[in-house]
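Asks: The sequence shown runs 1 to 498 under the UniProt record's numbering. Backbone N, C-alpha and C define an ideal beta-carbon position, used for all residues, glycine too.
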Amino acid sequence: MSTINLDKPLVKFSPDPADWWCIREAFEGVQIFGGIGSGKSSGSGKTLAKAFLKNGFGGLVHCAKPEEKATWLQYAEETGRSDDIIVFEEGSPYQFNPLQYELTREGKGAGEVFNLSNLFMEIYKMGNRFTGASSGDKDRYWDNALRRSLNRMILLLKLADKEVSIANMRAIMSSAPNEDLTNALSDYTDEQWDQLYNTNYCIECILDASAKVEQVREELEDGNQDKAQVLEELEQDYALVYAYFLREFAKADEKTRSIVAESFLGLAEPFIMGVLKTHFASGLTLSPEVTFGGKIIILNFSVKEYLDSGMYAQGIFKLLWQQAVERRDTNRYPNPAFLWVDESQYFVNEYDTIFQTTARSSRVATVFLTQNISNYYSQMGGGDSSKSKVNSLLGNLSTKIFHANNDSVTNEWASNVIGKAMITLRSDSQNRKNFALMADSKGTSYSGHLLPQVLPMEFTTLWSGGKQRNYTVQAIIQVKGRKWSNGANFFEVEFSQL
C-alpha cells in the first residue's frame, strides 16, 4: 500500500502538537452538531473543508441548500483547486445511470444480477424513507416478490443485449404477457409473431434472448468448443426468464401481479420525468472513480429546490460512491478522499454505519453536519430501534464537534459522550454554640463526586460568531482516544468565519 502520513496535521487548534487534528482522525469520521445559526458550517465546517482541499483530497459534496455550490466553488478558488471541481447539476453534460454503472464498473461482482437488483431495492428503501412508509412481515413478502421480478427483468435485458435502464425495465413490466396472451402464443402465425415482436417490448426481449442462445448453440456445433460453458450458462439464464414471464408472472393471480407491477412502476415513476430522467435514467458520462484522482464532485441537486428528486439523485450517487471507495485499490489510487454531507439528516441511512467501519482503510474522511441528534432519530424511523441505529452510526464517527445548541436531547447526549470525572468538592460547616463560654466550631471537608465534565447547559452559551463575536465561533471537540493539552478528553476550540 502506498504510504500516507496519517499524523500529518490538518488543523492546529494550538501550537501544542497535542492539539493538532490529523489525517488519522479525519479518516475515522466526523460528526458536527450545532443549532441553526451556530456557525457549524461557517466555522468548523469551513475549516475542515478547506483543510481537505489544501491537502489534495478528492471528494463528494452533497447539497441540501442552493448556496452550497457557490460555497464550495469559493473554497476551491481560495485553495487553488478550482480546476478539480466537477458540478453535476441540471443542464450539465453529465449522466449517471446507476444500473449501467454497476453493470460495467471495474472489479469483481460487476454485472451480477443480484447486485443490480439490490441497488434497485436500496432505491426502493429510499423512497419509503422519504414518504415515511414502514415495513412489516407482509411488506417483506412483497419486497421479496419485487426483488425476484427485478432479477428477471435485469437478466432478460442482459440476455437480449439491451441497455439495463429503468426505462427499459419499465417497458418490460408494462408489456409483460398475461395468461390469455401466453395461451394464444402456440397458435400464432409468423406474421403475428412479427407483429408482436414490433409492439410488445417484453416479447421482443425474449425473442432476442432466444436468438442469442441459438447463435451460440450454432457456433458450438460448428466446432467452437470455447462456447460450451457459455451456452450452458445462457440456457440456464434463458430458462429462468422464459419461465418467469411466460408462465409464473403471466399466470399469477391478479392481486400478486398488480402489487408487484405497481410496486415497480411506483419505484420507476420518479425516473421517467425531470432531472432524474435526464441525468439518472440512461447514459453514463460520470463515474465516482474520478474522485480517486483528486476531483471533487458537487451534487448540485439541492433538496430545498428539488425536494424528493434531489434526495433520490444524491442518495443514489452517494451509495455507489461509497461502494466504489470500499473496493478501490489504494495502491493504484492512493489519494485520500472525503464525503461531505451538510444537513446530513436528509441523506443518512443504515449503510453509512457499514461504510464507516472500514473508512480508515479506504482512506476516506466522512463529515456529517446536522442541527441535532433528533434529526437522525426521525430519519431512521423513530422509536427505540432508530436510537440504536443512530448510536451505532455516531459511535463510528470518532470526532465529535459540538457548537451552540438549544436542543436538550443533543446537549444531554453530548455531555454523556464527553463523560464524567471525579471532581473534588469542598464543604465548609460552622456549628454556633448557644453558650457564651463555648467557642463556635468550624470545619472543612472534601469529598469526591462523579460529575459531568461539561454540563448540558454549557452548550447553550457557546459563541455563534457574527460581528458581535468578532466572527469567532466556539465549539467543544472530543476525539476517541485523544487527551488534549488541557489533560482532558475534550477541548474548547475557536474557529474564524473570515
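On the three-state DSSP scale, how would you describe Tyr94?
Replies: Your numbering for residue 94 matches position 94 in the sequence shown. DSSP places Tyr94 in coil when its eight states are reduced to three.
Asks: Whose C-beta lies closer than 7 Å to the C-beta of Lys227 among residues of the same chain, with five residues either side of it excluded?
Replies: For the purposes of this step, residue 227 is taken as residue 227 along the sequence shown, with counting starting at 1. Around Lys227: Val216, Glu219 and Leu220.
Asks: Tell me which residues share the same chain as Met1 and place their Cβ nearer than 7 Å to its Cβ, disregarding the 5 neighbours each side in the sequence.
Replies: Residue numbering aside, residue 1 sits at position 1 when the sequence shown is read from its first letter. Confidence at Met1 is low in this model, with a pLDDT of 43, below 50, so the placement of that residue should be treated as unreliable; the coordinate-derived value is given next. Cβ within range, chain order: Thr330 and Asn331.
Asks: So what's Lys420 in DSSP terms, helix, strand or just coil?
Replies: For this step, residue 420 is matched to residue 420 along the sequence shown. In the structure shown, Lys420 sits in a strand (DSSP, three-state: E or B).
Asks: Relative to the alpha-carbon of Ile206, which residue among Lys54, Ala160, Gly127 and Lys255 has its alpha-carbon at the smallest distance?
Replies: Here residue 206 is taken as the residue at index 206 of the sequence shown, counted from 1. Among Lys54, Ala160, Gly127 and Lys255, the Cα nearest to that of Ile206 is on Ala160.
Asks: Mind checking whether Ser149 and Val260 have CB atoms under 8 Å apart?
Replies: As a position in the sequence shown, residue 149 is number 149, starting the count at 1. As a position in the sequence shown, residue 260 is number 260, starting the count at 1. Cβ distance < 8 Å, so Ser149 and Val260 count as in contact.
Asks: Using the C-alpha atoms, what's the distance from Leu339 back to Gln74?
Replies: Start at 1 with the first residue of the sequence shown, and residue 74 comes out as number 74. Start at 1 with the first residue of the sequence shown, and residue 339 comes out as number 339. The alpha-carbon atoms of Gln74 and Leu339 are separated by roughly 18 Å.
Asks: Considering only residues of the same chain and omitting the five flanking positions on each side of Glu494, which have a CB-CB separation below 6 Å?
Replies: Counting from 1 along the sequence shown, the entry for residue 494 is found at position 494. Result list for Glu494: Thr472 and Gln474, in chain order.
Asks: Under 8 Å: do the region 30-42 and the region 402-410 share three or more Cβ pairs, one atom per stretch?
Replies: Yes, they touch.
Asks: Is Val390 buried or exposed, if buried means 16 or more other CB atoms sit within 10 Å of its CB?
Replies: Position 390 of the sequence shown, counted from the start, is the residue given in the question as residue 390. It counts as buried.
Asks: For Lys318 and Asp139, what's the separation of their Cα atoms in angstroms?
Replies: Taking the first residue of the sequence shown as position 1, residue 318 is located at position 318. Taking the first residue of the sequence shown as position 1, residue 139 is located at position 139. Approximately 26 Å, taken between the alpha carbons.
Asks: Assuming Leu394 and Gln31 are in contact, meaning their beta carbons sit under 8 Å apart, how far apart are those beta carbons, in whole angstroms?
Replies: In the sequence shown, the residue the question calls residue 394 occupies position 394. In the sequence shown, the residue the question calls residue 31 occupies position 31. Rounded, the Cβ-Cβ distance is 6 Å, consistent with contact.
Asks: Lys40 to His449, Cα distance in whole Å?
Replies: By one-based count along the sequence shown, residue 40 stands at place 40. By one-based count along the sequence shown, residue 449 stands at place 449. Taking the straight line joining both Cα atoms gives about 33 Å.
Asks: Can Ala18 and Ile296 be called in contact, C-beta distance under 8 Å?
Replies: Counted from its first residue, the sequence shown places residue 18 at position 18. Counted from its first residue, the sequence shown places residue 296 at position 296. In this structure, Ala18 sits away from Ile296, with a CB-CB distance that is not shorter than 8 Å.
Asks: Apply the 10 Å Cβ neighbour rule to Tyr195 and answer buried if 16 or more other Cβ atoms are within range, or exposed otherwise.
Replies: Taking the first residue of the sequence shown as 1, we reach residue 195 at position 195. The sequence as given places Gln at residue 195; Tyr does not occur at that position. Label assigned to Gln195: exposed.
Asks: Candidates Glu233, Ser186, Asn200 and Asp84: which alpha carbon is nearest Lys212's?
Replies: Against the sequence shown, residue 212 aligns to sequence position 212. Closest option to Lys212, Cα to Cα, is Glu233.
Asks: On the DSSP letters alone, give me the boundaries of the alpha helix (DSSP H) that Glu68 sits inside.
Replies: Counting from 1 along the sequence shown, the entry for residue 68 is found at position 68. Unbroken alpha helix (DSSP H) run through Glu68: Glu68 to Glu78.
Asks: Report yes if the C-beta distance between Thr79 and Lys46 is below 8 Å; otherwise report no.
Replies: The residue you call residue 79 lines up with position 79 of the sequence shown. The residue you call residue 46 lines up with position 46 of the sequence shown. No, Cβ-Cβ distance for Thr79 and Lys46 is not below 8 Å.
Asks: Just to confirm the assignment, what range does the beta strand (DSSP E) spanning Phe88 have?
Replies: Taking the sequence shown and counting its residues from 1, the one referred to as residue 88 is at position 88. It spans Ile85 to Glu89 - the beta strand (DSSP E) in which Phe88 sits, taken as one unbroken run.
Asks: Within this structure, are the beta carbons of Gly59 and Thr291 separated by less than 8 Å?
Replies: By one-based count along the sequence shown, residue 59 stands at place 59. By one-based count along the sequence shown, residue 291 stands at place 291. Contact flag set, yes.
Asks: If you draw a straight line from the alpha carbon of Gly223 to that of Glu90, how long is it in whole angstroms?
Replies: Residue 223 sits at position 223 when you count from the first residue of the sequence shown. Residue 90 sits at position 90 when you count from the first residue of the sequence shown. Annotation: Gly223 to Glu90 spans about 52 Å, alpha carbon to alpha carbon.
Asks: Starting from Trp321, trace the alpha helix (DSSP H) both ways and give me its first and last residue.
Replies: Locating residue 321 in the sequence shown gives position 321, counting from the first residue. Where Trp321 is concerned, the enclosing alpha helix (DSSP H) stretches over Val303 to Arg327.
Asks: Reducing DSSP to helix, strand and coil, say where His449 ends up.
Replies: As a first step, residue 449 is located in the sequence shown; it is residue number 449 there, counting from the start. It is a strand residue.
Asks: Measuring CA to CA, which of Val87, Leu156, Phe88 and Lys277 is closest to Ser117?
Replies: In the sequence shown, counting from the first residue as 1, residue 117 sits at position 117. For the residues Val87, Leu156, Phe88 and Lys277, the minimum Cα distance to Ser117 belongs to Leu156.
Asks: Could you give the DSSP three-state label for Pro270: helix, strand or coil?
Replies: Locating residue 270 in the sequence shown gives position 270, where the first residue counts as 1. Here Pro270 sits in helix by DSSP.
Asks: Short check: CB of Tyr346 to CB of Met380, under 8 Å?
Replies: Counted from its first residue, the sequence shown places residue 346 at position 346. Counted from its first residue, the sequence shown places residue 380 at position 380. Not a contact, by the Cβ cut-off of 8 Å.
Asks: Roughly how many angstroms separate the alpha carbons of Gln192 and Phe120, rounded to a whole number?
Replies: Along the sequence shown, one-based indexing puts residue 192 at 192. Along the sequence shown, one-based indexing puts residue 120 at 120. Approximately 35 Å between the Cα atoms of the pair.
Asks: Can you tell me which of the three DSSP states Thr358 falls into?
Replies: Translated into positions along the sequence shown, residue 358 becomes position 358. Note: Thr358 maps to coil in three-state DSSP.
Asks: Suppose you measure from the CA of Trp142 to the CA of Ala184; what does that come to, to the nearest Å?
Replies: Locating residue 142 in the sequence shown gives position 142, where the first residue counts as 1. Locating residue 184 in the sequence shown gives position 184, where the first residue counts as 1. Near 29 Å, if we compare the C-alpha coordinates of Ala184 and Trp142.
Asks: Rounded to the nearest angstrom, what separates Leu276 and Ala313 at their Cα positions?
Replies: Position 276 of the sequence shown, counting from 1, holds the residue named residue 276. Position 313 of the sequence shown, counting from 1, holds the residue named residue 313. One C-alpha to the other measures close to 7 Å.
Asks: Between Gln497 and Pro15, what straight-line distance do the alpha-carbon atoms span, to the nearest angstrom?
Replies: Locating residue 497 in the sequence shown gives position 497, where the first residue counts as 1. Locating residue 15 in the sequence shown gives position 15, where the first residue counts as 1. The straight-line gap from Cα to Cα measures roughly 20 Å.
Asks: List the whole-angstrom C-beta distance separating Ala250 from Pro177, where the pair is believed to meet the contact cut-off of C-beta under 8 Å.
Replies: The count along the sequence shown starts at 1 and reaches residue 250 at position 250. The count along the sequence shown starts at 1 and reaches residue 177 at position 177. Contact flag correct, Cβ pair sits at about 5 Å.
Asks: Where does Asp187 fall in DSSP's three states?
Replies: What you label residue 187 is simply residue 187 of the sequence shown in a count that begins at 1. Here Asp187 sits in helix by DSSP.
Asks: Give, in chain order, every unbroken run of the alpha helix (DSSP H) that is at least 4 residues long and sits entirely within the region 220-288.
Replies: 227-243, 254-268 and 274-280
Asks: To the nearest angstrom, how far is it from the Cα of Asp253 to the Cα of Val479?
Replies: Residue numbering aside, residue 253 sits at position 253 when the sequence shown is read from its first letter. Residue numbering aside, residue 479 sits at position 479 when the sequence shown is read from its first letter. Going from the Cα of Asp253 to the Cα of Val479 covers about 57 Å.
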